[in-house]
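K.L.:
I have a structure here, written as structure tokens, and I will follow up with some questions on it.
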Amino acid sequence: MQLSRVSNVLPLAAVAAASAASTAAGPDGWTDGQLSSTFSVNVTFDKKYDDPERELSKAACWREGQGLIPGWAPDWRKQKDVPARILAIDKISNSRSTECISCWMLQYGDTARPFLAIDHADAGYVLSREGMDSLTGGKAEKLGTVTANATQMTLGNCGFSYTGREEL
């Protein structure tokens, strides 16, 4: 099995089963592949996730000597290197958390956006201000915290695709 992002190949055993789910594009442009039931979660933002120069070694999913995703993306050193919007969630406690490098679809009102979980949040879900603005129609500062719907999705929703060419 092979996961790829544009021309990159992502051999990532931790997400192989999740990514093997259906990835046919739906009518709204999102990829099928819901992995969990939808639930409500408090969502806020922290401007540290807007800093493109912030070192990924500060993220909870970072593995010393291996990087953010062991065996792939050795050049991912700063937040600007991650191709998807990033997210911190309370379910991630350390680099061995099963939710590390998981894709979440957050929906607020009629707007849904995918986010890649790479860090720990003390409570709820924490986005960049840009991510929160994209979800709330530019109202991140005004709203502060919102209640949104969260659904774990296959990595195809965060820009990675399953090609099924080789086994991990």
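Start counting the sequence shown at 1015; every next residue gets the next number (my numbering). Just so it is clear, CB atoms sit at the ideal spot from N, CA and C, and this is done for glycine as well. Computed from a predicted structure; not experimentally measured.
State yes or no: is the C-beta of T1168 within less than 8 Å of the C-beta of G1047?
P.N.:
Against a cut-off of 8 Å, the Cβ pair of G1047 and T1168 comes out as a contact.
K.L.:
Give every residue of the same chain whose Cβ lies closer than 7 Å to the Cβ of S1109, excluding the five residues on either side of it in the sequence, and list them in chain order.
P.N.:
A1074, C1075, W1076 and R1077, listed in sequence order.
K.L.:
How about R1143: is its Cβ closer than 7 Å to a heavy atom in the ligand SAM?
P.N.:
Because no ligand of any kind appears in the structure shown, any question about the ligand SAM cannot be addressed here.
K.L.:
According to DSSP, what are the bridge partners of M1119?
P.N.:
BP columns for M1119 point to P1128 and T1165.
K.L.:
Measuring only the C-alpha atoms, how far is G1151 from D1133?
P.N.:
If you take the alpha carbons of G1151 and D1133, they lie about 24 Å apart.
K.L.:
Would you decide whether G1158 is buried or exposed? Buried here means 16 or more other CB atoms lie within 10 Å of its CB.
P.N.:
So G1158 counts as exposed.
K.L.:
Which two residues bound the contiguous beta strand (DSSP E) that contains A1098?
P.N.:
From DSSP, A1098 is part of no beta strand (DSSP E); its letter is neither H nor E.
K.L.:
May I ask which residues mark the beginning and end of the alpha helix (DSSP H) holding L1149?
P.N.:
Counting along the chain, the alpha helix (DSSP H) containing L1149 begins and ends at R1143 to T1150.
K.L.:
Using only alpha-carbon positions, find the residue among E1155, D1065, T1125 and I1103 that is nearest to I1115.
P.N.:
Out of E1155, D1065, T1125 and I1103, I1103 has the C-alpha closest to the C-alpha of I1115.
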